[in-house]
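What follows is a single structure, written as structure tokens, with notes after it.
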């Protein structure tokens with residue numbers, strides 16, 4: 006039990022303070038032509054260029070078959086729309102993987118697991 010609490014304390018400290026950095030060197034970033042960026046400004050410019058290329062692409066072609074299939078789709082009557090039971094919320098929290106990034110709420114999965122019972126009750130209340 007003591008080792009579990011010590012690990013939880015270390016994990017919470019890591020979440021609050023962030024990872025410890027031992028090396029202050031940065032990775033080499035290459036320009037489109039393959040040459041290395043020599044300054045921070047060049048690196049920032051290259052990152053900007055990279056994301057503009059990745060995010061600003063042409064829209065996908067329309068797919069009539071997919072549109073037709075969506076229009077003909079029948080709702081799934083076997084999927085429950087009721088509020089989840091406490092055991093279902095508990096099961097979902099236990100399935101979370103440690104070491105994953107926090108979501109938009111900035112709460113890491115392992116923190117939810119360490120405070121399982123209060124978290125389960127609070128989340129269950131949200132669904133009611």
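Numbering (this note's numbering), first residue to last: 6 to 133.
C-beta: ideal position from N, C-alpha, C; glycine also.
1. By how many angstroms is the C-alpha of residue 49 removed from the C-alpha of residue 42?
2. Could you give the C-beta distance for residue 101 and residue 114, rounded to a whole number, given that I count them as a contact under 8 Å?
3. Using the C-alpha atoms, what's the distance from residue 69 back to residue 131?
4. Rounded to whole angstroms, what's the CA-CA distance from residue 133 to residue 67? Just pull it up for me.
5. Extract the residue ranges of the beta strand (DSSP E) inside the stretch 61-95, only unbroken runs of 3 or more that lie entirely within it.
6. What residue from 123, 98, 125, 119 has the CA that sits closest to residue 12's CA?
7. Compare the beta carbon distance of residue 129 and residue 91 with 9 Å and say whether it is the shorter of the two.
8. Can you give me the Cβ contacts of residue 45 inside the same chain, cut-off strictly under 6 Å, excluding the 5 residues immediately before and after it?
9. Please report how far the alpha carbon of residue 38 lies from the alpha carbon of residue 32, in whole angstroms.
10. Excluding five sequence neighbours on each side, which residues of the same chain lie with their C-beta closer than 6 Å to the C-beta of residue 16?
11. Can you have a look at residue 79 and say buried or exposed, based on whether 16 or more other CB atoms are within 10 angstroms of its CB?
12. Alpha carbon to alpha carbon, how far is residue 54 from residue 64?
13. Residue 97 to residue 35, Cα distance in whole Å?
The answer reads as follows:
1. Residue numbering aside, residue 42 sits at position 37 when the chain shown is read from its first letter. Residue numbering aside, residue 49 sits at position 44 when the chain shown is read from its first letter. Between residue 42 and residue 49, the C-alpha separation is close to 9 Å.
2. To locate residue 101, count along the chain shown from 1; it is residue 96. To locate residue 114, count along the chain shown from 1; it is residue 109. The pair is a contact, with the Cβ atoms about 4 Å apart (cut-off 8 Å).
3. Reading the chain shown from its first residue, position 126 is the one you call residue 131. Reading the chain shown from its first residue, position 64 is the one you call residue 69. Looking at the two C-alpha atoms, the distance is approximately 40 Å.
4. As a working note, residue 133 is residue 128 in the chain shown. As a working note, residue 67 is residue 62 in the chain shown. In a straight line, the C-alpha of residue 133 is about 40 Å away from that of residue 67.
5. none
6. The sequence position of residue 12 within the chain shown is 7, counting from 1. It is 119 whose Cα lies nearest to the Cα of residue 12.
7. By one-based count along the chain shown, residue 129 stands at place 124. By one-based count along the chain shown, residue 91 stands at place 86. Contact flag set, yes.
8. Counting from 1 along the chain shown, the entry for residue 45 is found at position 40. For residue 45, where only same-chain residues beyond five positions count, there are no Cβ hits under 6 Å.
9. Mapped onto the chain shown, residue 38 falls at position 33. Mapped onto the chain shown, residue 32 falls at position 27. Roughly 17 Å separates the two Cα atoms.
10. As a working note, residue 16 is residue 11 in the chain shown. Counting only Cβ-Cβ distances below 6 Å, and skipping sequence neighbours, we find 115.
11. In the chain shown, counting from the first residue as 1, residue 79 sits at position 74. Exposed, by the Cβ-count rule.
12. As a first step, residue 54 must be located in the chain shown, where it is residue number 49. As a first step, residue 64 must be located in the chain shown, where it is residue number 59. If I take the Cα positions, the gap works out to 19 Å.
13. By 1-based counting over the chain shown, the position of residue 97 is 92. By 1-based counting over the chain shown, the position of residue 35 is 30. Going by the C-alpha atoms only, they are around 42 Å apart.
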